[in-house]
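Novice:
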Amino acid sequence: MRILIADDDTMSRRLLQKTLEAAAYQVTAVENGMLAKEQLCRQDGPRLALLDWIMPELDGPGVCRAVRQELDHPYVYMVLLTSKESKADTIAGLESGADDYLTKPFNPEELKARLRTGLRILDLQDRLVEAREEMRFRATHDTLTHLWNRGVITDLLTRELARGRREGANIAVILGDIDHFKKINDTYGHLAGDEVLRETSRRLLASVRSYDYIGRYGGEEFLVVLSNCEAQHAFARTEQIRRAISGKPIETAAGPLSVTMSLGLLLSKDWGPRPLEETLNLVDAALYAAKAAGRDCVKFADREIPATPITLVDVKR
Numbered sequence: 026m027r028i029l030i031a032d033d034d035t036m037s038r039r040l041l042q043k044t045l046e047a048a049a050y051q052v053t054a055v056e057n058g059m060l061a062k063e064q065l066c067r068q069d070g071p072r073l074a075l076l077d078w079i080m081p082e083l084d085g086p087g088v089c090r091a092v093r094q095e096l097d098h099p100y101v102y103m104v105l106l107t108s109k110e111s112k113a114d115t116i117a118g119l120e121s122g123a124d125d126y127l128t129k130p131f132n133p134e135e136l137k138a139r140l141r142t143g144l145r146i147l148d149l150q151d152r153l154v155e156a157r158e159e160m161r162f163r164a165t166h167d168t169l170t171h172l173w174n175r176g177v178i179t180d181l182l183t184r185e186l187a188r189g190r191r192e193g194a195n196i197a198v199i200l201g202d203i204d205h206f207k208k209i210n211d212t213y214g215h216l217a218g219d220e221v222l223r224e225t226s227r228r229l230l231a232s233v234r235s236y237d238y239i240g241r242y243g244g245e246e247f248l249v250v251l252s253n254c255e256a257q258h259a260f261a262r263t264e265q266i267r268r269a270i271s272g273k274p275i276e277t278a279a280g281p282l283s284v285t286m287s288l289g290l291l292l293s294k295d296w297g298p299r300p301l302e303e304t305l306n307l308v309d310a311a312l313y314a315a316k317a318a319g320r321d322c323v324k325f326a327d328r329e330i331p332a333t334p335i336t337l338v339d340v341k342r
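Going by the working numbering, the sequence shown opens with residue 26, and the numbers climb by one from there.
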C-alpha cells in the first residue's frame with residue numbers, strides 16, 4: 026500500500042519513512058502541505074497519509090480540508106501528527122477531515138496498528154463503492170448483453186430527439202430483430218441463444234461510434250440511436266450493421282450458427298416532432314416491413330427513400 030508522509034522536519038521525515046518502508050509500505054515523502062495536497066488530490070495518489078500539523082504553505086488540517094473538497098476522488102485515510110494535546114485541538118483536527126490523530130512522540134507499533142485500521146476502512150469503503158457501482162450497472166444495463174436496458178435506451182432516444190430538434194440535427198433510429206431467433210432456441214437450446222445474443226451485442230457495439238447508443242429493446246430486439254447522422258449516410262450505416270451480423274457465423278457451444286438481422290430505420294428529420302411512442306411504432310412498422318420483405322434487409326419508416334442514398338453492392342431493401 027502506498028502512503029504519503031508530509032513533514033517539514035527532515036530528520037523526522039526520514040525516520041518515519043524508514044519505519045514505514047520496513048513495514049512494507051511504499052512511501053512518498055514531501056516537505057510541505059501544498060505538495061501533500063497535490064499528491065493526495067491526484068486520481069492515482071496515495072490512499073493513506075501521515076500529515077504533520079504545522080507545515081509551510083499549508084498546515085495538516087488545511088490539507089485535510091482540501092482533500093475532502095475533492096468529491097470525485099477515491100477516499101484518502103489521513104492521520105494528523107502533532108504535539109498538540111488539548112481536546113480543542115483534537116476536535117479541530119478531526120473536524121478538518123482527518124480520520125485519526127496521533128500525538129508526538131508516538132510509539133511506532135501504535136502508528137502501524139492505526140494504519141492497519143486505516144487499511145481496513147479503505148478496504149470496506151472500496152467494497153461499498155464496488156457494490157454501489159454494481160447496483161447502478163444492474164439498474165441501467167441488460168444482464169445478459171451488458172447493453173443499455175429498455176428503460177435507459179428509450180430515455181436516451183428521447184433526449185437525442187429533443188437535442189436534434191434544438192440543433193437541427195438528424196437522428197437515425199434503428200430497430201433490429203434477429204431473424205428466426207425462436208428457431209435457434211428451439212433447435213440448439215437457450216444457452217446457444219444466449220451466446221447469439223451476446224455476440225450480436227458485441228458486433229453491434231463494434232459497428233457504431235463511441236457516442237452512439239445501443240440497447241436491448243426486448244427479447245432479440247435491439248434499439249440503436251445514431252447521433253448527428255445525416256440522411257445520405259444513415260442507410261449505409263444501417264446496412265453496415267446488418268452485414269456485421271450476417272458477415273460470419275456466430276460460434277456457440279452447439280457449433281457455428283449463421284445469423285441474420287432485419288432492421289427498420291427512421292430518420293427524425295423526415296417525420297418532425299412526434300411523441301416517443303409514435304416514433305417507436307413507426308420504426309417498429311419498418312422492422313415488420315423488413316421481415317415481410319424476406320428478412321435480412323433494411324426498410325425505411327419514411328414513405329420514400331432519400332433522394333441521394335449511398336449506392337451499395339447487393340443491398341437488400
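We put the CB at the ideal spot given by N, CA and C, even for glycine.
Among residues of its own chain, excluding the 5 on either side of G189, which ones have a beta-carbon nearer than 6 Å to its beta-carbon?
Specialist: Correct list, in chain order: I196, S293.
Novice: Apart from the five residues on each side of it in sequence, which residues of its chain come closer than 6 Å, Cβ to Cβ, to Y242?
Specialist: Here the set comprises R175, L248.
Novice: Label S121 either buried or exposed according to how many other C-beta atoms from any shown protein chain fall within 10 Å of its C-beta, with 16 as the threshold for buried.
Specialist: Flag for S121 reads buried.
Novice: Is the beta carbon of Y100 sitting closer than 8 Å to the one on Q68?
Specialist: No, the Cβ-Cβ distance between Y100 and Q68 is not below 8 Å.
Novice: Kindly list the residues whose CB is nearer than 6 Å to the CB of R27, restricted to its own chain and excluding five residues on each side of it in sequence; keep chain order.
Specialist: Answer for R27: Q51, P71, listed in chain order.
Novice: Any contact between the region 214-227 and the region 156-166? By contact I mean 3 or more CB pairs, one from each, below 8 Å.
Specialist: No: the two stretches stay apart, fewer than three of their Cβ pairs being nearer than 8 Å.
Novice: Taking C-beta to C-beta, are L65 and V104 nearer than 8 Å?
Specialist: Taking 8 Å as the Cβ cut-off, L65 and V104 do not qualify as a contacting pair.
Novice: Does the structure place the region 205-221 close enough to the region 302-315 that three or more beta carbon pairs sit under 8 Å?
Specialist: The region 302-315, when compared against the region 205-221, does not touch it at the 8 Å Cβ threshold.
Novice: I'd like to confirm something about E276: is its beta-carbon nearer than 7 Å to some heavy atom of the ligand NAD, or not?
Specialist: This structure lacks the ligand NAD, and indeed carries no ligand of any kind.
Novice: Let me know the secondary structure DSSP gives W296 once reduced to three states.
Specialist: Residue state, collapsed to three classes: helix.
Novice: What whole-angstrom Cβ distance do D321 and S271 have, given they're in contact under 8 Å?
Specialist: 6 Å between Cβ atoms; contact.
Novice: For P274, which of helix, strand or coil comes out of DSSP?
Specialist: Of the three classes helix, strand and coil, the one that applies to P274 here is coil, per DSSP.
Novice: List, from N- to C-terminal side, the beta strand (DSSP E) runs of 3 residues or more that fit wholly inside the region 69-149.
Specialist: Counting whole runs of 3 or more residues, the region 69-149 contains the beta strand (DSSP E) stretches 73-77, 102-107, 125-128.
Novice: Near K316, what residues of its chain come up, given a Cβ to Cβ distance below 6 Å and the 5 sequence neighbours on each side ignored?
Specialist: Cβ within range, chain order: S287.
Novice: Please report the distance separating the alpha-carbon of D125 from that of L251.
Specialist: For D125 and L251, the distance between alpha carbons rounds to 52 Å.
Novice: From the DSSP output, which residues share a beta bridge with V177?
Specialist: In the DSSP output, where bridge partners are listed per residue, V177 has none listed.
Novice: Can you name, in chain order, every residue of its own chain whose Cβ lies under 6 Å from the Cβ of A123, other than the five neighbours on each side?
Specialist: If we look at A123 and ignore the five residues flanking it on each side, its Cβ neighbours are C89, M103, L105.
Novice: Drop a sphere of 10 angstroms on the beta-carbon of L29, count the other beta-carbons inside from all chains shown, and report buried for 16 or more, exposed for fewer.
Specialist: It counts as buried.
Novice: Rounded to whole angstroms, what's the CA-CA distance from L127 to M59? Just pull it up for me.
Specialist: Approximately 21 Å between the Cα atoms of the pair.
Novice: Give a yes or no on whether the C-beta atoms belonging to S232 and A261 are separated by under 8 Å.
Specialist: Contact flag unset, no.
Novice: Cβ of A21 within 8 Å of Cβ of L290?
Specialist: Examination of residue 21 is not possible in this model, given that the chain is present from 26 through 342 alone.
Novice: Take A314 and list the residues in its own chain whose beta-carbon comes closer than 8 Å to its own, dropping the five residues that flank it on each side.
Specialist: Same-chain partners within the cutoff: G289, K324.
Novice: Rounded to the nearest angstrom, what separates R152 and E95 at their Cα positions?
Specialist: Using only the alpha carbons, I get a separation of about 20 Å.
Novice: DSSP beta-bridge partners for I239?
Specialist: Paired residues: V249.
Novice: Between T44 and E158, what straight-line distance do the alpha-carbon atoms span, to the nearest angstrom?
Specialist: If you take the alpha carbons of T44 and E158, they lie about 37 Å apart.
Novice: Mind checking A31: buried by the 16 CB within 10 Å criterion, or exposed?
Specialist: Burial call: buried.
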